[in-house]
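Trainee: Note that our numbering has the sequence shown beginning at 9, numbered continuously upward. This structure is in structure tokens; I'll ask about it shortly.
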Amino acid sequence: MTNKYKIAIIPGDGIGKEVIDAAISILNELNIDFDYEYGEAGDDCLEKTGTALPQETIDIVKNCDACLFGAAGETAADVIVKLRQELKMFANLRPVKSYPNTNSLTENIDFMIVRENTEGLYIANQEEITSNGAIAKRIITREAEERIIDYAFKYAIENNKSKVTCVHKANVLKKSDGLFKEIFYEIGEKYPDIEKEDFYVDATAMYLITQPQNFEIIVTTNLFGDILSDEGAGLVGGLGLIPSANIGKDGALFEPVHGSAPDIAGKGIANPIAMILSAVMMLRYLTENDSADRIENAILKLLNQGTVLTEDLGGKSTTLEVTNEIINLL
Ligand code: ATP
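The following block contains the structure:
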């Protein structure tokens with residue numbers, strides 16, 4: 009009997025619409041029964057309906073097992089922040105992995121950034137104008153930090169990783185990051201087989217360049233995770249390859265890190281790999297690991313052979329040609 013899942017599909021804007029079709033073509037090659045429910049969101053949706061994220065779309069996502077999201081343009085922050093809140097998606101996962109024939113700084117990079125998604129410095133409407141400037145609050149709660157740190161350790165075990173690195177700035181932010189670091193070692197006691205280490209965020213920014221192979225899983229707060237994951241993207245050579253996941257108790261959403269890329273939208277030349285790897289993350293979330301491995305191996309073969317690649321990777325092929333080649337290699 010094949011497994012059956014309801015998947016919310018939000019193509020969004022620009023190349024989001026193009027790369028999501030590519031991911032669906034690949035999913036349709038698997039021996040899994042997917043039932044797709046389409047929702048609208050983003051700039052085009054705002055123009056058409058007066059809102060960038062209609063309630064109907066939120067309901068579709070809530071009623072599905074997982075959501076695949078293409079990209080949103082100017083409205084991206086509104087759409088994704090609201091969806092994260094509505095679905096209580098507290099963990100943002102950003103894998104940083106080097107692939108052959110790409111602009112990766114070095115080989116054998118493979119780590120996961122587990123970023124807290126709900127608090128830290130990114131609490132909506134918490135900035136204040138004062139008489140001589142402005143103040144932003146940085147919130148660290150025991151509940152949210154225990155949840156993300158525990159998630160990182162569980163992720164390590166489920167993915168056969170041996171070490172979790174806590175990234176903070178506890179020497180300066182003594183109370184807030186002091187607490188984050190303290191909770192890391194407290195929770196870590198439940199996971200005696202996993203090695204634990206902690207670094208300051210500024211040192212980590214350097215180590216990501218000088219010794220990226222040292223990292224397996226990084227767990228960190230909202231702002232630091234945001235910055236380090238873009239550094240990670242630069243490390244392994246480009247937006248066309250980088251997927252992400254937002255995970256919560258009430259749902260999970262998978263999206264490429266890139267945006268709607270208006271400069272290349274409509275030309276059929278967007279690299280679909282970041283979106284397809286986002287679908288691979290979704291398959292792993294659904295515990296369809298064999299299918300996830302199949303697709304990832306096909307992408308690895310495609311990059312190794314280096315003949316059918318989009319322009320961003322130095323090739324001349326279209327989105328459709330790359331997608332069809334991945335299907336051939338499955
Ligand atoms: P947005 O406003 O939606 O964030 P943007 O252009 O500011 O759009 P990105 O969409 O992330 O930001 O694109 C940044 C650059 O990377 C653009 O030049 C874009 O063409 C390129 N790019 C992004 N994604 C891809 C992709 N999948 N394939 C090829 N090039 C890409």
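No residue lacks a Cβ here, since even glycine has one placed at the ideal position from N, Cα and C. What you are looking at is a predicted structure, and each value in this text was computed from that prediction instead of being measured.
Between residue 157 and residue 192, which are expected to be in contact by the criterion C-beta below 8 Å, what is the C-beta distance as a whole number of angstroms?
Mentor: 5 Å
Trainee: Let me confirm a value: residue 211 is counted as buried when at least 16 other C-beta atoms fall within 10 Å, else exposed. Which label applies?
Mentor: Counting the other CB atoms within 10 Å of its CB gives residue 211 a total below 16, which places it among the exposed residues.
Trainee: By how many angstroms is the C-alpha of residue 155 removed from the C-alpha of residue 172?
Mentor: Using only the alpha carbons, I get a separation of about 15 Å.
Trainee: Between the Cα of residue 263 and those of 323, 281, 67, 128, spot the shortest distance and give me the residue it belongs to.
Mentor: 281
Trainee: Looking at C-alpha atoms only, which residue of 178, 160, 182 is the closest neighbour of residue 199?
Mentor: 160
Trainee: Which residue wins for smallest C-alpha separation from residue 112, given the options 217, 275, 330, 304?
Mentor: 217
Trainee: Taking just the CA atoms, how far does residue 201 sit from residue 168?
Mentor: 11 Å
Trainee: Which term fits residue 48, buried or exposed, when burial requires 16 or more other beta carbons within 10 angstroms of its beta carbon?
Mentor: Under this definition residue 48 is a buried residue.
Trainee: Pairing CB atoms from the stretch 130-146 with CB atoms from the stretch 95-114, are three or more of them under 8 Å?
Mentor: Result no; under three Cβ-Cβ pairs closer than 8 Å.
Trainee: In terms of DSSP beta bridges, what is residue 45 paired with?
Mentor: 16
Trainee: Beta carbon of residue 79, beta carbon of residue 267: below 7 Å?
Mentor: Cβ distance < 7 Å, so residue 79 and residue 267 count as in contact.
Trainee: Restricting to Cα atoms, I'd like to know which of 134, 149, 148 is closest to residue 142.
Mentor: Proximity to residue 142 across 134, 149, 148 peaks at 134, based on C-alpha coordinates.
Trainee: So, are the CB atoms of residue 110 and residue 245 less than 7 Å apart?
Mentor: Yes, the pair counts as a contact, with Cβ atoms nearer than the cut-off.
Trainee: Compute the Euclidean distance between the alpha carbons of residue 180 and residue 127, then round it to the nearest angstrom.
Mentor: Their Cα atoms are separated by approximately 19 Å.
Trainee: Is residue 266 near ligand 1, in the sense that its beta carbon is under 6 Å from a heavy atom of that ligand?
Mentor: yes
Trainee: Skipping 5 residues on each side, what residues in its chain have a beta carbon closer than 8 Å to that of residue 114?
Mentor: The residues are 106, 220, 221.
Trainee: Under 6 Å from any heavy atom of ligand 1, does the C-beta of residue 247 make it?
Mentor: yes
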